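Numbering (UniProt numbering), first residue to last: 1 to 321.
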């Protein structure tokens, strides 16, 4: 893409940001509601990194309970390097509010691609885990009371906040890294699926014991609910149905992966074939659109979950670039 095309696109996004942010000022948060901010599939370029930094700065100024990044902190065709990941880790570390992060496929699964360096995906995942989860200062989220019961899967966590259960699962795009013909990666896939299942079961038991009234499940991949035969996501879909059988409150699924904002009800009741009304799905926007979503949880409202999408606000110095 030419520099003039990039400039035109950035200018358009800037003006859209001005309009959207101005309109968003009229959207009041419900009194006493739990609010957090969600982004994902960003940044894929230096320009997006600058915009993401501004977006997170805006969000943090409104004092969310925490900020969620659902994964993909680089483009799939970009080299998988520690330097690139370290820049995002610094951005997370600099936020004045706790961060919650789950890896996406671009950070590790797709690193085998020639354009991404032709690297071993499992080695890249180990590096991501060391950088983002090995140093508590990066996500600085201990005050949330996170439970991370699986030492080999430090990214898998759950917490209870204001009678809401949050569960963060490691499920990635590219068909959830399902590679049945590659023994090491197939074994890793099965171990991760088992860990996700165990985490959901443990979190549900704890949530029911604490009397939670709603649940938010966070992962990276779009599980392609309309394609039940996708092998990489079959275990997740079964786990979600099992979770719903044991919990009758409102549920919000938050993911990224396909870069297309969605707010819908994609899960179907196997008995009736009808959408399950109490289950909503939010897919956050992604590159090339730098945007995030405010999520409010009000247990006394209907629906329980409400959302507001925002772009980074424009400034004169940025418009002049």
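Glycine included, every Cβ here is placed at the ideal spot set by N, Cα and C. Only a predicted model underlies this, so the values are computations on that prediction, with no experimental measurement involved.
Checking the DSSP bridge columns, you'll see residue 37 partnered with 67 and 294. One alpha carbon belongs to residue 298, the other to residue 304, and they sit about 5 angstroms apart. For the pair residue 157 and residue 146, the CB atoms are nearer than the 7 angstroms cut-off.
One Cα belongs to residue 54, the other to residue 135, and the distance between them is close to 24 angstroms. The Cβ-Cβ distance between residue 91 and residue 65 does not fall below 7 angstroms. Residue burial is scored here from C-beta neighbours: residue 85 has at least 16 other C-beta atoms within 10 angstroms and is therefore classed as buried.
Residue 69 and residue 99 have their C-alpha atoms some 8 angstroms from each other. Residue 275 is bridged by DSSP to 268. When secondary structure is reduced to three states using DSSP, residue 306 falls in the strand class. Nearest neighbour of residue 138 by Cα position, chosen from 175, 174, 87 and 46, turns out to be 87.
If you check the CB distance, residue 209 and residue 165 do not come in under 7 angstroms. Contact between the stretch 277-284 and the stretch 249-256 is present: 3 or more CB-CB pairs across the two stretches fall below 8 angstroms. In this structure the stretch 234-250 lies against the stretch 187-205, because at least three pairs of beta carbons, one per stretch, are closer than 8 angstroms. Put simply, the backbone Cα of residue 293 is about 18 angstroms away from that of residue 50. Taking residue 109 as the centre and dropping the five residues before and after it, the same chain places the C-beta of 121, 172, 174 and 177 closer than 6 angstroms to its C-beta, in chain order.
Residue 80 and residue 124 do touch by the CB rule: their CB atoms are close to 5 angstroms apart, below 8 angstroms. Residue 301 sits in coil when the DSSP states are folded into three classes, being neither helix nor strand.
A distance of 7 angstroms or more separates the beta carbons of residue 155 and residue 140. Looking at the backbone, the Cα of residue 106 and that of residue 264 are separated by about 25 angstroms. The shortest CA-to-CA distance from residue 43 to any of 89, 62 and 196 is the one to 89. For residue 216, the enclosing beta strand (DSSP E) stretches over residues 214-218.
Around the beta carbon of residue 227, fewer than 16 other beta carbons lie within 10 angstroms, which makes this residue exposed.
Here residue 102 is buried, its C-beta having at least 16 other C-beta atoms within 10 Å. The C-beta distance from residue 256 to residue 77 rounds to 17 angstroms, too long to fall under 8 angstroms, and the pair is not in contact. With a contact defined as Cβ atoms closer than 8 angstroms, residue 199 and residue 150 qualify at about 7 angstroms.
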